[in-house]
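In our numbering, the protein residues as written are 2 to 343.
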Amino acid sequence: MGGLFDIDSNKQQIKDLEEEISNPNIWNNIDKANEINKKLSSLKKIVDGYQNIYDNLVYYLELLEISSDNELREISENLIELEKEVKDLEINTLLNKEYDKDNCYLEIHPGAGGTESCDWASMLSRMYQRYAQNNNYVCEVLDEQKGEEAGIKSTTLHIKGLYAYGYLKCEKGVHRLIRISPFDSNSRRHTSFASVSVIPEINNDIDIDIKENDLKIDVYHSSGAGGQSVNTSNSAVRITHLPTNTVVTCQNERSQMKNKEEAMKVLKSKLYQIELEKKEKEMNKLKGINESINFGSQIRSYVLEPYTLVKDARSGYETSQADKVLDGNIKELIESVLKISN
């Protein structure tokens, strides 16, 4: 099996990285050492997972030849569990692009519709946080701007874990909600939109030239409008990259310095993504979810009234278990898109 699961190649990379990390001088550069450790851990997890499936499959196949009829049921149950692991392995073979194994930043912005859309954006934020929790990812809310009446005007989530970007990149696009509005005294059905943007976290080895004169840095009290539930210290940071008008904010840390450092990491990732878009002439494909957050532009619809249905417009996958989806069970939806995208 080649690519991601070229085991001999991955084992050689592990050996090379272990030699590199064993050099005492490597710890003179903490960032580089941490990056090597992160890559080493990821490769070991890949190889160990593959090897475990292979060893178990060989074991059960050999066991089948000598087992009695009474033992076959237990072996069959074990093979069913192994089949699930093989399915996950199959999906992971699709995640072989440059940044698929990396952490990511996920942003949510409501479309037109005021309180309705702000509330929908909040529901999506909860969905992704629950998805991260269900799949053993670490999820941090870097910034969250509250809506005037309910919901959120925007949020930035930092999702950390193996293949975080590879899986969640499929969520880029406009998400549509149809429901009976809890904010409508006449209980009418409303349609709301929100956009999701996902970019990989770029490591420090990527050289992005950011001039100090190109930055506008604002510090504000995070307990002001929109930030009261995130932080109560005067440490929130907003950075505007003037040439591209790219804005990033961070207020989850109590230290202004740490918030600035995290915001610069997000900015670096965004600017790198913009450069890729220019070079590949795919601005609309990679970011183009902000031009039209309205009817006809959605990648997925979530219908809560008069029936329940979640349907992905790209893969055609649908489920009537909308409550489970909104509670973070979106893995099958994501996998349905991955399978047609590769």
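Even glycine gets a Cβ: it sits at the ideal position worked out from N, Cα and C.
List the residues that DSSP assigns as beta-bridge partners of residue i.
i	result
P201	C105
A237	Y221
Y60	Note: Y60 sits in no beta bridge, so no partner.
G174	V197
V249	I240
V304	I179, L310
L216	H242
R190	I181
Q299	V175
Within 10 Å of its beta-carbon, does residue i have 16 or more other beta-carbons around it, so buried, or fewer, so exposed?
i	result
E283	Confidence at E283 is low in this model, with a pLDDT of 49, below 50, so its placement is unreliable and the value that follows should be read with caution. It counts as exposed.
V139	exposed
Q322	exposed
N137	exposed
G152	buried
M258	exposed
Q274	buried
Q52	exposed
D32	exposed
V311	buried
Y55	exposed
K85	exposed
Just to check my reading of the structure: residue i and residue j have Cβ atoms closer than 8 Å, yes? What is that Cβ distance to the nearest angstrom?
i	j	result
I209	L272	5 Å
L107	A195	With a Cβ gap of about 12 Å, L107 and A195 do not count as contacting.
E306	Y318	At roughly 21 Å, the Cβ-Cβ gap does not stay under 8 Å, so E306 and Y318 are not in contact.
H176	Q299	6 Å
S316	I341	5 Å
N104	L83	Actually they do not touch by this definition, with Cβ atoms about 29 Å apart.
E141	H159	4 Å
L178	S193	5 Å
E392	S270	The shown model of the chain, from 2 to 343, leaves out residue 392, and the question about it has no answer.
Verify whether the separation of the beta carbon atoms of residue i and residue j is less than 9 Å.
i	j	result
E345	L143	The question about residue 345 has no answer here: the residues shown for the chain are numbered 2 through 343.
N253	N246	no
T116	F184	yes
I76	L64	yes
I335	C171	yes
K102	S43	yes
C251	T156	no
Runs of 4 residues minimum, wholly inside the stretch 103-172: which ones carry the alpha helix (DSSP H) assignment? 116-135, 165-169
Every unbroken alpha helix (DSSP H) inside the stretch 306-331 [4 residues or more]: 323-327
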